[in-house]
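Residue numbers (the UniProt record's numbering): 1 to 94. Using N, Cα and C, we set each Cβ at its ideal position, and we do this for glycine too.
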Amino acid sequence: MVLEVALIDVTAGQEDAFAAAYQEARQQIEQADGSRSIRMTAGIETPTRFVLMVEWDSVEAHNVFRASDAFGVWRGLIGPHFANPPHVEHFTDI
């Protein structure tokens, strides 16, 4: 199992619209092969900052999703709210 962590900064004033878009878009990841869980958190000190955490079976499973039509739907819904491209990394338990 790997954990995808994405630091997402949204354009100021679009926090609620981003959260609503995420609620609609999350099913794209939930239904993806190799996806185990998805969680989005909102910043307290920095309300325009969100952290996405997705558990995948493997980095390869995430890459297959990124190459799919479902990723295009996912990005099409949440992407317009990005202030800049998200910073994404993968982690494993120790």
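Same chain only: Cβ atoms within 8 Å of residue i, ignoring 5 sequence neighbours per side
i, result
"asparagine 84", "Asp9"
Close Cβ partners of residue i (< 6 Å) along its chain, the five nearest in sequence each way excluded
i, result
"phenylalanine 71", "Phe65"
Whole-Å CB distance - residue i paired with residue j, under 8 Å assumed
i, j, result
"methionine 40", "valine 5", "No, methionine 40 and valine 5 are not in contact; Cβ-Cβ is about 11 Å, not under 8 Å."
"leucine 3", "histidine 87", "Wrong, their Cβ atoms sit about 14 Å apart, outside the cutoff."
"glutamate 55", "serine 37", "5 Å"
"valine 57", "glycine 34", "The question names valine, but residue 57 is aspartate in the sequence shown. Rounded, the Cβ-Cβ distance is 4 Å, consistent with contact."
"glutamate 15", "threonine 48", "6 Å"
Whole-angstrom distance between residue j and residue i, CA atom to CA atom
i, j, result
"valine 51", "serine 68", "22 Å"
"asparagine 63", "glutamate 45", "32 Å"
"alanine 25", "phenylalanine 91", "23 Å"
Segments of 3+ residues assigned as beta strand (DSSP E) that fall wholly inside the UniProt domain "ABM" (2-91): Those beta strand (DSSP E) runs which fall completely within the UniProt domain "ABM" (2-91) and span 3+ residues are 2-9, 35-42, 49-56 and 87-91.
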